[in-house]
Structures are given as C-alpha cells and as structure tokens.
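Undergrad: What follows is a single structure, and I will ask about it in a moment.
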Amino acid sequence: MDLNPRQIEAATHDPKRPLLIIAGAGTGKTTTLAHRVAHLLREGLDPERILLLTFTRRAAAEMTARAEQVLLREARAKGQGGKPTPARRIRWSGTFHSVGSRLLRLHADEIGLDPSFTVLDRPDSEDLLDIVREELGLAARKTRFPRKGTCLSLYSLVVNSGKSLIECLKSAFPWCARWEPELLTLFRGYVDAKLAQGILDYDDLLLYWDKLMEEESLAARVRKRFDHVLVDEYQDTNAIQARIVRALKPEGDGVTVVGDDAQSIYSFRAATVRNILDFPAQFDPPATVITLEENYRSTQLVLDACNAVIERARERFTKNLRSRRPVGAKPTLVTAYDEDAEARYVADRVLESREAGIPLRRQAVLMRTSHHSDLLEIELVRRDIPFVKYGGLKFLEASHVKDLLCVLRFAENPRDRVAGLRVLQLLPAIGPVRARRILDELAALGHDLARLSSLEPPREARTDWPAFASLLQDLAAGVPPWPAQVERAHEWYRPHLFRIHEAADVRDRDLVQMEVIATAFPDRERFLVELTLDPPVKAGDEAGPPHLDEDYLVLSTIHSAKGQEWDVVHVIHVADGCIPSDLSTGDPDQIEEERRLLYVAMTRARDELHVIHPHRFFTTKGPRRSDASVSTPLSRFLEPSLLDRFDRRAALSSADLREEAASSAGRPVIDVARRVRDLWGPVDPGSG
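Read the sequence shown against this note's numbering and you will find it ends at 688, with the numbers running on by one and no gaps.
Put into structure tokens, the structure is as follows:
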C-alpha cells in the first residue's frame, strides 16, 4: 500500500534522533517499519550495522523481507532490476533472545560461558529445577513447598521484572513468602547446575546480555556493531529488555521503537506498559513521538466502539483510530440469559455468516481465559461446526518431537544432562537411575561421545546400544552434514517411536516435518536455539500449512489473538469477573491492563463485532454444574455512556425458547402467501 503522510514522516525521520512510533491497531505498523529500514539502507547505512529486534522470528523475517521488497520495487522503477545481494541483507534481525544468544556466543570466553552452550525450553528448565529441588531436600518437606512450575515462574519473574525475590513473592506468590530463604538456596543451586552443564534457560539469554552490557569495555564493543537499533512491539518489553535497548543506545542516537501502549497486555510475562509510556523522556531532548491513527483493518463503526473503550484509560498516548472503509454496521452487544444462550447465539451467528459467504476460518471467538469456551465447544460439536483452539499444547512440547530434539541437543552438548536423561531412557530397560549412572560414567570420560560405545548398557539394551553410540558419535562429529542430521536421527528413532508411542504413524509425520523445518536453518546450533526460543504452535507453522479438506472456526484466548484479524469476531464472557478478571480486583494497574485486553479483542474485527454478556453463570461443584446460578453485571469497561456505539440484542434462555414455541403452536396460521397470490386474481382451474 502507499504510505500516508504520518507513515512517511515516521519512515523518513532523522536516523540520528530517537523516535517512538505509536502505531494503533491495524495502522500499518509493519509496513511503516519496513519502509524505515528501507530508508536507512537507501541513505547508505550498512545493513550489517542495523539491529532489528522483534518478539517472533516470523515478524523479523517479514520485516526484513518487506524492506528488501521496497528496495527491489524502487530499483525496478529505475530500470535497474535484479534482487538484493546477500551483502545488502540485514543479518542482525530476530527476537531479543535469539540475538542475545548470538552475542553471548561471540563473547562467551570473556564472560565465563562455554561457547557451545545449549538452551533449555521451559519444560526442561522445570525438570532441571526439580532435580536441584530434590537434591537440596526441599521436595521432602512435611509442609507444602512450591512445585517446580511455580518455582520456575517465580525465578523468571524475578529475572525479567528486575524486582527482588521478596517483592515478587509479595505481589504474585504471597503463599510462597515463608519459603524465601529456601527459594534463594534453590535458585542459586539451579544457576550452578546450569553452569556446570553448559546450559542456559530462556531467561538467561536476556540476563547474561544485560550483565554483559554492564561491563563498559564489552558494552562499547557491542555498541560499535550497530548504528541503528529498531525495536518492534515495544509495549511488550520487560524491564531487562528496556535496559538492554538503553544500554545499546544511551544517547538515543539511531534508536527507533514501535508499539502501542493500548495493546500492552503481557504483564504476566513481566512486560510493563511503563517502558513505552516513559520512553520519550529518557533522552534529552526527548524522543520524537509520531502517532499512526489511520486504520486499514476495521470499519469506522467498529473503531468508534473501540475508541470509546480505550479513551477511558487512566494514562495513554492520545490517538483516535479512523478508517476510510465503508461505514458498515454497528457492533452488536448481546445480553444472553446464561452461558448456554451465549453458546447458542454464537453458533447461530457463525452458521449465518457462513451461509452469507464468510468462511469459518475468517471468523473467530475470543475469550479472556481458555475455559470460558467450554460450553461453546460442546455446542459447536453438537452442531458439527469444526474448530481449532489456540493456547493448547505446542508442537515442540509433544513428547515424540522432544525426543528427537533431545537427541540433537545431546550431540551438540554432551554435558546437557536433561537431554541425556531423556535420550538414554528411549532405550529398552534404561530408567532414570541407570541413565544417571551412564551420564556419570560419560562425565568421567570427559563427556566424549566417541567413547560412548565403551560403556556397558543393561542386558536388554545391548542390541540397540551400538546403533545408539554410532549415531551420537556421528552427530557429534557433524556427520552427515546439516540438515541431513535430522533425517539421520529420525531414522534411528523411528523403531523406538513405534515401540513407545500410540498413533505412531501420525507422530512420524510430525518428524518428517521436522526434517523440512531444519532446511530453513544454517546449522544445528541455530536450529536448536531458534526453535527453543520461538517454537511453532504446530508443525505447519514452519513447514507450510497442512492440507485441510474442511473449513474451521477459530477459538482463541485474547492473548493468543494479538496481531491477528478476522472478518467476524465474537468476544464472549464480557462480564465483570471475566473481563476484568476477578483476580485483578483491587489492583488499578491490573484493571487498566484488563481494559486494554478488551480493546485488543475488539480491534481484531474487520467487519462484524459481537460482544456477548451472559447475564447468569451456573455455579459448579466438582465436575458437575449445579442448578444454582449467579447474576453478573456487564463489564465495567462498557459504561452506559458508550453503549450507543452498539446495537443491542438479547439471547433467550432454553426455557424462554420453549415457552415461545409453545405459545406459537396455539396461534392461528395466517396464509399470507395465499393472500398475495389472490392479488392477481383467482387461479384458472384449467391452468393445471
């Protein structure tokens, strides 16, 4: 698309001065940022000296590809033709964590790290933390000590928020506060275990980068690499990421950040809206703020409702989204009698929209929390409406995929005990105790996988041991060349897959997709790091969309829907206690984030927006619903003064529908069609 005046102003802003682009929902943020990158390259900036930081690999790839397309179009317009040469491509682009990993490897020797470190995903981090927890005797307490998942969440919050352990305990984990001394001991032991095994976790990649930047001599060398730093989705940064950006460009020269304070919804990941609100004042003179308000997604009547919700925010950058699209219809605010009525309403509207020519995949149902769609899912199954739900098990969390990845990880770093324990237990008759013993024996041999064949496995595993040892010896030596190593590991694993898992044929197809995914990466290290840090939800996210014979409705949490758009959007459970969540009550900052969450949900809609408020919720006792119900008010964010932005509608209860049907049954039938025909005279008996 052609840039509007504000986008042009942002794209061509003085590269030497700090810039904050406040990009409202659907205002062409990616296009603007890509044009800014293209402008920098057009001005002669070396692409090797541009750092582009995003929150997903896909966003980084899209941004760099669009910038190259802009330059290519300009070259063709001038009659130059051709494609951007490799020397003109941006090489320092990616997520904060992947860029951090690259920089840490470059400076590993200077900061006390093993350059061949591997990176743990969250489940493996939990497992390692649990091992340390047991070794310290914390798991055997007579009173409830936090489980591994809670401990890791707390550890991550401390690292990313920059707050002390006691502050995080009081604000997020008050029931764990009495364990502060033991938790400090646990976290120290966890750090020591990672260092001993040459592994880092997800949070370490930021923590070590941040600490590297505190050493002025090293920080100066990192700064010299980059003339310009661009950060996407800045409202999603946490305290440690903001410190890194500031350390990269202390004076603000050549830094551009893009984001929308109204879409800051990830405080549970330690992200803070203060980073973007306070950004301009960090520099002297303050950073320039350019606001993008022209929305290319939604109709104006949808935007009117969205604007009305967010303008009540306590603190924000002022913007008023506007659209050139046809006015369309007002959003619909539906008061449903209960959750059953809500589910019926959504199913009815979804089918009506489908009949009107809107495919199911262009429609979405958004919710605050995953379980809010429980009754709706039952209704969809009953109506034979296919759906997919986002927020479930990620592709890399599937056990068979983890098995294959751990084979590659163990070959990359034989000191990685978490990977080694998993891989060894794939062999018959090797359990946790025997696997630990083998790893100890391997450690005594200097973690040399070439000597793995000299170790004595249990009798039941002797048949499989030579092939296992040969595989790891080859992979450690880089044989065969990448990416054929994935196929080699897959061939070894296939018989174990069919021995261990049910539905092995389906699982095996996932591993074939892993072979395809591997071709997109230059080497094993980058493959393992990038997939760990930014895993696809399913294999098709990386290897291409699967063949689908049938359309499907999208169900998603609002957090998972950010950045997406659909023609028709239903937002369910828009009641106090749901949006805002009852867990936010009493915390003004959390209430403000809940307002932003509703705004994000509403701004996903292109043409139709349905906001549904179940008036009554049934209470639950164990797995069964009781007959008792509670009345809930409409979300406080939909104040009476802004309800004129909506058309109002009611969805009746089952009892009301039955009563209406019964009353209709007794009414006389008026043959209106016959009366219309009679306007044209009596029927000719001879006409047949």
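No residue lacks a Cβ here, since even glycine has one placed at the ideal position from N, Cα and C. Nothing here was measured: the structure is a model prediction, and the numbers come from that model.
Within 10 angstroms of the Cβ of GLN513, are there 16 or more other Cβ atoms? Answer buried if so, exposed if not.
TA: GLN513 comes out buried.
Undergrad: If THR603 and GLY26 are in contact, beta carbons under 8 Å, what's the gap, nearest whole angstrom?
TA: With 8 Å as the limit, THR603 and GLY26 qualify as a contact, their Cβ atoms being about 7 Å apart.
Undergrad: Could you compute how far the alpha carbon of ASP700 sits from the alpha carbon of LEU218?
TA: Because the chain here runs from 1 to 688, residue 700 falls outside it and cannot be looked at.
Undergrad: What residue range is occupied by the uninterrupted beta strand (DSSP E) comprising PHE387?
TA: 387–390 is the span of the beta strand (DSSP E), which, as asked, contains PHE387.
Undergrad: Can you tell me where the beta strand (DSSP E) holding TRP92 begins and where it ends?
TA: Segment 92–95, the beta strand (DSSP E) holding TRP92.
Undergrad: Just to confirm, are ARG595 and LEU333 a CB contact at a threshold of 9 Å?
TA: Not a contact, by the Cβ cut-off of 9 Å.
Undergrad: Could you give the distance in angstroms between the alpha-carbon of LEU19 and the alpha-carbon of ASP130?
TA: Computed Cα separation, rounded: 44 Å.
Undergrad: Going by the CB atoms, is the gap between GLN590 and LEU583 shorter than 9 Å?
TA: Their beta carbons are under 9 Å apart, which means LEU583 touches GLN590 by this criterion.
Undergrad: Tell me the residue span of the alpha helix (DSSP H) that contains GLY189.
TA: That run of the alpha helix (DSSP H) goes 180–197.
Undergrad: Straight-line CA distance for ALA484 to GLU515?
TA: Distance between the alpha carbons of ALA484 and GLU515: 8 Å.
Undergrad: Count the other CB atoms within 10 Å of the CB of GLY24; is the residue buried (16 or more) or exposed (fewer)?
TA: GLY24 is buried by the Cβ-count criterion.
Undergrad: Straight-line CA distance for ALA469 to VAL388?
TA: Each residue's alpha carbon lies about 41 Å from the other.
Undergrad: Measuring CB to CB, does ILE378 end up less than 9 Å from VAL350?
TA: Contact flag unset, no.
Undergrad: Short of 6 Å in beta carbon distance, which residues of its chain neighbour PHE173, apart from the five on each side in sequence? Order them along the chain.
TA: Counting only Cβ-Cβ distances below 6 Å, and skipping sequence neighbours, we find LEU154.
Undergrad: Using a Cβ distance threshold of 8 Å, determine whether the region 204–211 contacts the region 240–254, with at least three qualifying pairs required.
TA: The region 204–211, when compared against the region 240–254, does touch it at the 8 Å Cβ threshold.
Undergrad: Report the residue ranges of all beta strand (DSSP E) runs contained in full by the region 330–378; include only those spanning at least 3 residues, in chain order.
TA: Counting whole runs of 3 or more residues, the region 330–378 contains the beta strand (DSSP E) stretches 332–338, 363–367.
Undergrad: When DSSP labels each residue in this structure, what does VAL158 get in the three-state scheme?
TA: Note: VAL158 maps to helix in three-state DSSP.
Undergrad: Can you look up VAL575 in the DSSP assignment and give me helix, strand or coil?
TA: Reading the sequence as shown, one finds Ala at residue 575 and not Val. Strand at ALA575.
Undergrad: Using only the alpha-carbon positions, how far apart do VAL284 and THR32 sit?
TA: The sequence given here places Asp at residue 284; Val does not occur at that position. Going by the C-alpha atoms only, they are around 25 Å apart.
Undergrad: Taking just the CA atoms, how far does GLU565 sit from LEU497?
TA: About 38 Å.
Undergrad: According to DSSP, is VAL258 part of a helix, a strand, or is it coil?
TA: Looking at VAL258 - three-state DSSP - the assignment turns out to be strand.
Undergrad: At a Cβ threshold of 9 Å, is ARG105 touching chain B?
TA: The structure shown contains no chain B, having only a single protein chain.
Undergrad: If the criterion is Cβ atoms closer than 9 Å, does the pair ARG415 and ILE199 meet it?
TA: In this structure, ILE199 lies closer than 9 Å to ARG415 by Cβ.
Undergrad: Measure the C-alpha to C-alpha separation of TYR390 and PRO458 and round it to an integer number of angstroms.
TA: Cα to Cα, the separation comes out at about 43 Å.
Undergrad: In the DSSP output, what is SER323 paired with across the bridge?
TA: SER323 is bridged to ASN295.
Undergrad: With a threshold of 16 other CB atoms inside 10 Å of the CB of SER125, please say whether the residue is buried or exposed.
TA: It counts as buried.
Undergrad: Note down, in chain order, each residue of its chain lying with its Cβ closer than 8 Å to the Cβ of THR85, except the 5 sequence neighbours on either side.
TA: Reliability fails at THR85, whose pLDDT of 48 lies under 50, so the model's placement of it is uncertain and no value is given.
Undergrad: Run through DSSP, which three-state label would HIS613 get?
TA: Three-state DSSP puts HIS613 in a strand.
Undergrad: Any idea which residues DSSP pairs LEU555 with across the strands?
TA: Note: LEU555 sits in a beta bridge opposite VAL365, LYS389.
Undergrad: Can you tell me which of HIS400, LEU52, ALA75 puts its alpha carbon nearest to the alpha carbon of SER423?
TA: According to the sequence provided, residue 423 is Val. The question's Ser does not apply to it. Considering only alpha carbons, the answer is HIS400.
Undergrad: Between which two residues does the alpha helix (DSSP H) containing ARG223 stretch?
TA: Note, ARG223: alpha helix (DSSP H), 216–223.
Undergrad: Smallest Cα separation from SER560: which of ALA313, VAL479, TYR266?
TA: It is TYR266 whose Cα lies nearest to the Cα of SER560.
Undergrad: Please identify the residue among LEU642, GLY137, ARG76, TRP179 whose C-alpha is closest to the C-alpha of LEU301.
TA: Residue LEU642 is the option with its Cα nearest to LEU301.
Undergrad: Take ASP232 as the anchor and find which of ASP551, ALA61, PHE317 has the nearest alpha-carbon.
TA: Nearest of ASP551, ALA61, PHE317 to ASP232, Cα basis: ALA61.
Undergrad: Which residues in the same chain as ALA341 place their Cβ atom closer than 8 Å to its Cβ, once the five residues preceding and following it in sequence are excluded?
TA: Taken in chain order, the residues that qualify are PRO614, ALA651, LEU652, SER653, SER654.
Undergrad: Candidates LEU292, ASP464, VAL554: which alpha carbon is nearest ASP260's?
TA: Residue LEU292 is the option with its Cα nearest to ASP260.
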